[in-house]
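Colleague: The opening residue of the sequence shown carries number 19 in the numbering used here; numbering runs sequentially from there.
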Amino acid sequence: MRTIILAAAAIVIAAPAAAMDCKAARGDIDKAICASPQAMAADEAMVAAYNALRGRMSPPERAALLVSQRAWIKRRGYSCEADKSGYAQCLTKETDQRRAFFEARPESGPGGASALRPVIVAKPGRPRDWEIDVELLEFVEPKTSGERTFNAQVAKMLRDIPTDRSEIERDQTFSHDVWMRLTWLSPRLISARIEGYGFSGGAHGNPTTVGLNIDTQSGRKLAFADAFDKAARAKLADGCLATITPEKVRRGMDEPKGDELKQLRANIDEALSSLDTWNFSARGATIVFEHYSIGSYAEGAYECEVPLARLKELAKKGFPLPE
């Protein structure tokens, strides 16, 4: 069984995960979950999915699962910090996404011709070594051209996991993290969001987010020109500018005006013109503008949501949008 791949020097046999003990809740995340029936139900369902997956694994596979889950718990809620009013709802959404990964299913869409399985390579960080947390999905027995293309991309990500420690100093730990979410899967379109974090020396690490969009039938990786013409591109850039400008102000930046506003729009236009910044779901599309693409590193990444109804107005006929 190749559901989980362990890349660790020591094998740890992990116990099943237990449901959250709200009497012992201390941190903001635990308290928010315990105060929300919806978040609590999502957490319990996620724990059940974790244990079901664990029950099908060998001891080495369970150890990898434990490493990856501990890493997820540490980063859990990070993207929810800016949404204080909807904090519990945001945590519920994150937890549901984690459950979907454990259950090896897409977050939206009718599914594909073949079953999926998780593929995890995980080992904790140690001095003068790599911390690795790679969490992917692959088709068990790919039947369509798109599923085969998807698996080939997953195989490349696995090959890209670093092993060379020659440049790591004695007191350093390098990091290579890749986390996949399958946001849409249908007989026409496979869309995934692949987030990650890398540190290989320097002042700071680098978060990344890319999209993977594949025509299920032809097996071809889709490009922006497959989906939108120049007029649609301009409308998308204007829409994202209207979303991102006030978000910059909310994050403490001066409101862009004049030439600065023109440059911001040009940067938005350039970034969204690659479908590698897009992922699709039942709600529409999310465009991710990574660190440095439209602002300083300190500003972080920005996102622009395009509702499905708007996509249907702008996309070329025949592009395999979610239905």
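The C-beta atom is built at its ideal place from N, Cα and C for all residues, glycine as well.
So glutamate 153 and valine 196 are in contact, right, with Cβ under 8 Å, and what is the actual spacing, rounded?
Modeller: Glutamate 153 to valine 196, Cβ: 7 Å. Contact.
Colleague: Please go through the same chain and pick out, in chain order, the residues whose beta-carbon is closer than 7 Å to the beta-carbon of phenylalanine 242, but skip the five residues on each side of it.
Modeller: Hits under 7 Å: Ser291, Ser292, Leu293.
Colleague: I'd like to know whether the C-beta atoms of glycine 229 and alanine 210 end up nearer to each other than 9 Å.
Modeller: Yes, the pair counts as a contact, with Cβ atoms nearer than the cut-off.
Colleague: In three-state DSSP terms, what is proline 78?
Modeller: Reduced to three states, the DSSP call for proline 78 is helix.
Colleague: Less than 6 Å between C-beta atoms, sequence neighbours within five positions excluded: which residues of the same chain meet that for glutamate 213?
Modeller: Contacts found: Trp197, Thr227.
Colleague: Based on the DSSP output, what are the partners of phenylalanine 157 in its beta bridges?
Modeller: DSSP lists Leu134 as partners of phenylalanine 157.
Colleague: Start and end of the beta strand (DSSP E) containing cysteine 322?
Modeller: Segment 320 to 325, the beta strand (DSSP E) holding cysteine 322.
Colleague: Measure the CB-CB distance between alanine 60 and threonine 110 and report whether it falls below 9 Å.
Modeller: In contact: alanine 60 and threonine 110 (Cβ atoms closer than 9 Å).
Colleague: Should leucine 282 go down as buried or exposed, given a rule of 16 or more other Cβ atoms within 10 Å for buried?
Modeller: The residue in question, leucine 282, is buried, as its Cβ has 16 or more Cβ neighbours within 10 Å.
Colleague: Since I believe alanine 300 is in contact with serine 97 (beta carbons under 8 Å), could you give me their beta-carbon distance rounded to a whole number of angstroms?
Modeller: That pair is no contact at about 20 Å.
Colleague: Count the C-beta pairs between the segment 301 to 310 and the segment 318 to 334 that are closer than 8 Å, then say yes if the count reaches three, no if not.
Modeller: Result yes; three or more Cβ-Cβ pairs closer than 8 Å.
Colleague: Within 10 Å of its beta-carbon, does glutamine 235 have 16 or more other beta-carbons around it, so buried, or fewer, so exposed?
Modeller: Classification of glutamine 235: exposed, given that the 10 Å Cβ count is below 16.
Colleague: Please classify glycine 336: is it buried, with 16 or more other beta-carbons within 10 angstroms of its beta-carbon, or exposed?
Modeller: Glycine 336 comes out exposed.
Colleague: Strictly by DSSP, which residues pair up with valine 152?
Modeller: Val139, Val196, per the DSSP bridge assignment.
Colleague: Buried or exposed, going by whether 16 or more other CB atoms sit within 10 Å of the CB of aspartate 182?
Modeller: With fewer than 16 other Cβ atoms within 10 Å, it is exposed.
Colleague: Quick one, which of Trp90, Arg188, Lys49, Lys248 has its alpha-carbon nearest valine 65's?
Modeller: Out of Trp90, Arg188, Lys49, Lys248, Trp90 has the C-alpha closest to the C-alpha of valine 65.
Colleague: State the Cα-Cα distance for the pair glutamate 82 and valine 139, rounded to the nearest angstrom.
Modeller: As written in the sequence, residue 82 is alanine, which differs from the glutamate given in the question. Taking the straight line joining both Cα atoms gives about 7 Å.
Colleague: To which residues of the same chain is serine 120 closer than 8 Å at the C-beta, ignoring the five residues directly before and after it?
Modeller: Looking at the sequence shown, residue 120 is not serine but phenylalanine. So the list reads Met64, Ala67, Tyr68, Ala70, Leu71, Pro136, once near-sequence residues are dropped.
Colleague: Whole angstroms are fine: how far does the CA of alanine 122 sit from the CA of valine 158?
Modeller: One C-alpha to the other measures close to 10 Å.
Colleague: Ignoring anything shorter than 3 residues, give me the beta strand (DSSP E) runs that lie fully in the segment 176 to 230, in order along the chain.
Modeller: As far as the segment 176 to 230 is concerned, its whole beta strand (DSSP E) runs of at least 3 residues are 191 to 203, 207 to 217.
Colleague: Distance, Cα to Cα, alanine 100 vs alanine 260?
Modeller: Going from the Cα of alanine 100 to the Cα of alanine 260 covers about 19 Å.
Colleague: Please give me, in chain order, every unbroken run of the beta strand (DSSP E) with length at least 3 that falls completely inside the segment 225 to 307.
Modeller: Counting whole runs of 3 or more residues, the segment 225 to 307 contains the beta strand (DSSP E) stretches 296 to 299, 302 to 307.
Colleague: Since glycine 216 and serine 193 are thought to touch, with beta carbons under 8 Å apart, how far apart are those beta carbons, to the nearest angstrom?
Modeller: Confirmed, Cβ separation roughly 6 Å.
Colleague: Does the Cβ of alanine 106 have 16 or more other Cβ atoms within 10 Å, making it buried, or fewer, making it exposed?
Modeller: Alanine 106 comes out buried.
Colleague: Give the C-beta separation of aspartate 233 and leucine 207 to the nearest angstrom, bearing in mind that I take them to be a contact with Cβ-Cβ under 8 Å.
Modeller: Their Cβ separation, rounded to whole angstroms, is 7 Å, which keeps aspartate 233 and leucine 207 in contact under 8 Å.
Colleague: If you count every other CB in all the chains shown that lies within 10 Å of the CB of alanine 133, and 16 or more means buried, which is it?
Modeller: Burial call: exposed.
Colleague: For the candidate residues Gly104, Glu156, Lys102, Lys266, whose alpha-carbon lies nearest to that of proline 124?
Modeller: Cα-wise, what sits closest to proline 124 is Glu156.
Colleague: The alpha helix (DSSP H) that contains lysine 49, what's its start and end?
Modeller: First-last of the alpha helix (DSSP H) with lysine 49: 46 to 52.
Colleague: Can you grab the Cα-Cα spacing for the pair arginine 116 / arginine 269, in whole Å?
Modeller: Whole-angstrom Cα-Cα distance: 28 Å.
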